[in-house]
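One structure is given here, and the rest of the page talks about it.
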Amino acid sequence: MESPEAQEALTSHPLRSHDFTVRPARESDMPALNAIHAHYVSNTVATFITTPLSDADFLAGYTSVRAADLPYLVAADAFNTPVGYAYVSPFRAAKAAYRQTVEFSLFCHPAHAGKGIGSALLQRLLDVLRSPEEWAEDWIGEAWRGEDGRVRQVVGVMALDEQRKNGGWGLKEYYEGFGFEHAGTLKEVGRKFGKWIDTVYVQLSL
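Numbering-wise, the sequence shown is residues 1 to 206 according to full-length UniProt numbering.
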């Protein structure tokens with residue numbers, strides 16, 4: 001069991017790894033995060049958004065997540081430049097019975113792939129969701145504290161990209177390393193770059 005002082009240090013300060021820091025995102029990070037997102041919009045099927053977002057629209061997404069008291073995290077380099085981000089958003093938000101289920105999103109700067117940034121972001125995101133009472137409100141808000149209110153299920157939706165490992169199935173295996181399980185596949189539900197794309201659902205029970 002960690003001492004109260006050690007727990008306070010963990011929950012009050014960002015996670016530091018070799019060349020980057022994981023911390024709660026700030027409004028000032030959004031233009032840099034939108035630039036990362038735009039790369040995936042324009043060049044990959046990682047997102048089914050087909051046109052890069054304006055900075056204002058991207059900021060609105062961040063504002064919506066934080067208004068829901070959910071975590072939105074960023075990995076920043078030694079110069080505090082964002083190199084990746086991860087967040088969760090309400091799953092089927094219009095239907096109240098889904099309240100304790102969220103969907104995660106994770107993006108890393110393409111120039112910094114393979115450096116453990118995505119893994120650190122996802123692990124810290126899950127840490128916060130599992131033990132919300134141990135984290136300050138800039139990590140996760142009061143709405144998700146308490147046994148009856150916390151997040152119970154985390155869902156991920158990934159496109160099967162033929163250009164990735166094992167035709168995209170390698171990403172599923174990556175998420176399984178964090179405890180996610182394959183929850184289903186939807187055939188040809190998206191169309192981007194002139195081709196039909198399958199999506200795979202993964203799910204983690206907290």
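The C-beta atom is built at its ideal place from N, Cα and C for all residues, glycine as well.
Three-state secondary structure (DSSP) of residue i
i      : result
Phe107 : strand
Phe58  : helix
Thr63  : helix
Ile197 : strand
Pro90  : strand
Arg145 : coil
Ala159 : strand
Counterpart residues of residue i in DSSP-defined beta bridges
i      : result
Gln123 : Answer is none; Gln123 lacks a bridge partner.
His182 : Val202
Tyr85  : Val74 and Phe107
Test item: CB-CB of residue i and residue j under 9 Å
i      : j      : result
Met158 : Gly167 : no
Val22  : Leu106 : no
Ile197 : Leu160 : yes
Tyr201 : Gly177 : no
Pro71  : Trp139 : yes
Pairwise C-alpha distance: residue j and residue i
i      : j      : result
Lys192 : Thr44  : 9 Å
Tyr85  : Ala75  : 6 Å
Thr51  : Leu33  : 15 Å
Ser12  : Glu134 : Note on Ser12: pLDDT 38, under 50, position unreliable in the model; no value is reported.
Leu126 : Asp77  : 21 Å
Tell me, please, whether the segment 99-112 touches the segment 141-156 by the rule of three or more beta-carbon pairs shorter than 8 Å. yes
Does the segment 56-69 touch the segment 87-97, meaning 3 or more C-beta pairs lie closer than 8 Å? yes
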